[in-house]
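Going letter by letter, the sequence shown gives residues 392 to 554 in our numbering.
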Amino acid sequence: MTLYDEEFSARRRLTLRGHASAPGGTRTAQPVHATHAVRSEQDLLSVRHAVRAATVEAGFALVDQTRIVTAASELARNAYVHGGGGSLTIEVLGHGPRRGVRLTVRDQGPGIPDVDKALTDGWTTGSGLGHGLGGARRLMHEFTIDTAVDRGTTVTAIRWNDR
Numbered sequence: 392m393t394l395y396d397e398e399f400s401a402r403r404r405l406t407l408r409g410h411a412s413a414p415g416g417t418r419t420a421q422p423v424h425a426t427h428a429v430r431s432e433q434d435l436l437s438v439r440h441a442v443r444a445a446t447v448e449a450g451f452a453l454v455d456q457t458r459i460v461t462a463a464s465e466l467a468r469n470a471y472v473h474g475g476g477g478s479l480t481i482e483v484l485g486h487g488p489r490r491g492v493r494l495t496v497r498d499q500g501p502g503i504p505d506v507d508k509a510l511t512d513g514w515t516t517g518s519g520l521g522h523g524l525g526g527a528r529r530l531m532h533e534f535t536i537d538t539a540v541d542r543g544t545t546v547t548a549i550r551w552n553d554r
């Protein structure tokens, strides 16, 4: 199975789960909600595919799909590398005509002792470039971090579809 086939299959599963029959046999959009484990490199790849499928479901243009997938990848990798693993929840939001995608990444790691520093480009506690967290924040419209030392971190990020 190619990467395209895997992404198409994930998108199809997400689309089928994201719709339900309404009275009269018409189909109406329902919120899509899926949680994925982030415990391995393979999980990181699976998360990227699932997030891409959610962005397609929400009707995002290709550039915005890429922004959201990039943010999800950075946040999930942080949970995996710095938090010892965790989970990523994807929700397709619909507020009237406005649609969006919410990503919630949770880990039970050591927490972030200084959030302001962590959001500064170039600052890292690992071997990376230190652009992931701040970059993810810039790619999304809404971004919150809930963290406590030795209690883990939850990052919630939303991007709205402006088209």
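Where is the CB? At the ideal position from N, CA and C, for every residue including glycine.
Per-residue burial, residue i [other beta carbons within 10 Å of its own, 16 or more giving buried]
i	result
Glu482	buried
Val442	buried
Val540	exposed
Cβ-Cβ separation, residue j to residue i (assumed contact under 8 Å), whole Å
i	j	result
Ala463	Leu453	Wrong, their Cβ atoms sit about 16 Å apart, outside the cutoff.
His532	Arg554	The pair is not a contact, with the Cβ atoms about 14 Å apart (cut-off 8 Å).
Val460	Arg439	6 Å
Arg555	Thr545	Shown here, the chain extends from 392 to 554; a query on residue 555 therefore has no answer.
Among the options, nearest to residue i - alpha-carbon criterion
i	options	result
Gly543	Gly500, Thr461, Leu466 and Asp455	Gly500
Arg493	Arg458, Thr547 and Val438	Thr547
Enclosing beta strand (DSSP E) for residue i [first to last residue]
i	result
Gly523	Segment Gly523 to Leu530 is the alpha helix (DSSP H) holding Gly523; no beta strand (DSSP E) there.
Ile549	Gly543 to Trp551
Val492	Arg489 to Asp498
Asp537	Glu533 to Ala539
Cβ-Cβ distance between residue i and residue j below 9 Å
i	j	result
Thr450	Asn552	The amino acid occupying residue 450 in the given sequence is Gly; Thr does not appear at that position. Taking 9 Å as the Cβ cut-off, Gly450 and Asn552 qualify as a contacting pair.
Glu465	Leu510	no
Run of the alpha helix (DSSP H) containing residue i, from where it starts to where it stops
i	result
Ala452	Note, Ala452: premise wrong, no alpha helix (DSSP H); not H, not E.
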